[in-house]
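Below is one structure; the comments refer to it alone.
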Ligand SMILES: Nc1nc2c(ncn2[C@@H]2O[C@H](COP(=O)(O)OP(=O)(O)OP(=O)(O)O)[C@@H](O)[C@H]2O)c(=O)[nH]1
Ligand SMILES: [Mg+2]
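Numbering (full-length UniProt numbering), first residue to last: 1 to 507.
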């Protein structure tokens with residue numbers, strides 16, 4: 001079957017890629033504050049950008065013909081995460097996309113211009129489209145992942161606007177774990193590319209995390225080309241591209257197949273919906289952002305596979321509603337399913353895709369699913385809505401291949417090492433209980449001696465234990481549910497993949 005072959009190809013690709021991954025400088029984090037959890041939401045008017053703090057599904061049900069229409073909308077659906085260093089222009093570019101695709105009117109823009117001016121942040125008005133809460137607007141920094149929708153000729157897109165600030169990396173991880181492709185935004189402004197990339201910025205960490213979290217393709221947009229220090233300079237663009245390429249390669253991306261560069265100005269909106277004018281940028285003959293997004297191809301998930309939807313959030317709304325992205329399989333109203341790991345049997349009462357009520361949905365969709373048979377309090381983020389016939393394994397231990405990046409204070413990595421495990425929507429304390437094998441990064445063969453400890457940049461097979469049962473899959477079966485990161489004190493210390501699950505009985 002084609003789909004199976006595609007999935008196999010993806011696994012081989014990705015497996016090689018993880019093994020090829022070379023050590024990279026991951027910056028030292030001096031700010032370890034976590035993101036504030038409850039941020040007041042003061043935003044009012046726009047409809048296409050989802051509110052950050054109070055998810056709600058529409059209570060009014062659409063007429064039957066509307067449901068029909070939604071289901072017949074055969075455009076493919078892709079989730080795009082915007083990543084990159086703080087202030088690179090992710091929210092501005094996301095906002096501009098919505099403006100150019102006709103989803104934000106001039107009056108709203110004028111309102112944001114005024115609000116931005118009042119806050120002495122004149123140039124931030126485009127970012128206000130995505131940055132919907134007061135704290136974000138005041139500080140000019142995204143905190144929570146923004147979510148919005150737009151369409152091109154061939155595709156319905158969900159934009160996930162991740163925060164760039166290092167304090168909010170956990171939020172970025174949650175955004176990237178829901179994405180199929182990434183738009184890596186790089187500022188070309190003098191000094192900004194350098195701080196983002198060379199001097200310990202977030203560019204590198206974001207790329208490595210995105211790869212690990214299953215973002216299979218990257219559009220690298222070299223932004224702020226309009227800035228006076230850049231002025232659409234080909235030299236500057238080429239410099240950034242030539243510095244980024246070796247790094248992207250070493251992070252596991254196939255730079256011929258998986259990566260595409262293009263210059264834009266998110267603020268002015270150049271080379272986004274239409275190609276940049278030759279009078280502005282005579283040397284660019286390539287695509288604009290919308291064309292590139294339209295043309296990007298990603299392997300399809302299997303609509304006939306066992307159903308898997310990691311739960312990223314839940315709330316009460318005429319029952320219990322769970323939110324997440326379908327990683328495999330399909331769901332229909334009336335289906336009986338399991339919520340794992342606590343094996344609670346639930347019935348699917350209603351399905352909402354984006355803002356619409358639908359009667360069924362397939363893989364890749366971001367859904368809100370109303371279920372009966374479970375209380376909202378009994379569900380945690382990281383639980384998985386799962387097929388009844390083939391439930392996702394729930395384990396408290398698994399075997400994994402890890403690529404160590406940079407340990408805090410160059411510590412050594414041994415049995416007993418504790419970290420925070422991030423795998424799909426799960427965030428859980430974990431302990432390394434045994435180092436089984438070290439892999440030679442050059443030959444990719446296991447080394448003979450069983451290691452007692454390893455250091456920065458090592459590749460090692462080990463056993464990982466968690467206190468609570470979690471749902472994971474082997475990477476070879478479901479790459480999206482079998483890749484993870486380990487973080488210590490707010491810093492990513494390792495990336496890895498699940499290579500084996502206990503054979504008997506935990507699930
Ligand atoms: N000149 C110019 N400035 C830009 C462009 N894109 C963004 N900016 C400016 O860069 C600053 C940061 O923009 P944001 O969109 O908030 O950046 P971000 O990447 O979302 O930042 P975080 O969410 O904090 O990570 C704002 O002052 C923007 O006006 C651009 O294309 N040209
Ligand atoms: Mg932002």
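Ideal Cβ placement from N, Cα and C applies to all residues, glycine included.
For ligand 2, residues qualifying as neighbours are 90, 91, 127, 130, 131, 141, 142, 161, 163 and 164, where qualification means a beta carbon closer than 7 angstroms to at least one of its heavy atoms (chain order).
Taking a C-beta distance under 8 angstroms as the contact criterion, residue 360 and residue 328 do not qualify as a contact pair. With a threshold of 16 other beta carbon atoms within 10 Å, residue 154 falls short and is exposed.
For residue 166, the distance from the CB to the nearest heavy atom of ligand 1 is not below 7 angstroms. Contact between residue 496 and residue 481 is absent: CB atoms are separated by about 13 angstroms, not below the 8 angstroms threshold. Look at residue 118: its beta carbon is at least 7 angstroms from all of the heavy atoms in ligand 1. For residue 371, the enclosing beta strand (DSSP E) begins and ends at 366 to 372. In the structure shown, residue 95 falls within a helical segment according to DSSP collapsed to helix, strand and coil.
Residue 223 has its CB nearer than 7 angstroms to a heavy atom of ligand 1. Inside the stretch 190 to 275, DSSP marks whole beta strand (DSSP E) runs of 3 or more residues at positions 217 to 223 and 259 to 263, from first to last along the chain.
When DSSP states are grouped into helix, strand and coil, residue 83 belongs to the strand group. Sixteen is the threshold: when 16 or more other Cβ atoms of the shown chains lie within 10 Å of the Cβ of residue 158, as they do, the residue is buried. Beta-bridge pairing by DSSP links residue 291 to no other residue. One Cα belongs to residue 229, the other to residue 315, and the distance between them is close to 47 angstroms. Contact check for residue 306 and residue 469: beta-carbon distance about 19 angstroms, past the 8 angstroms limit, so the pair fails to qualify. C-alpha of residue 391 to C-alpha of residue 345: approximately 11 angstroms in a straight line.
Note that the stretch 400 to 415 touches the stretch 448 to 458; at least 3 beta-carbon pairs, one per stretch, sit closer than 8 angstroms. For residue 176, there is no enclosing beta strand (DSSP E); the enclosing alpha helix (DSSP H) has its first and last residue at 169 to 176. The alpha-carbon separation between residue 423 and residue 484 amounts to approximately 4 angstroms. Here residue 78 is buried: its Cβ has 16 or more other Cβ atoms, across all protein chains shown, within 10 Å. In terms of Cβ geometry, residue 267 and residue 259 do not form a close pair [threshold 8 angstroms].
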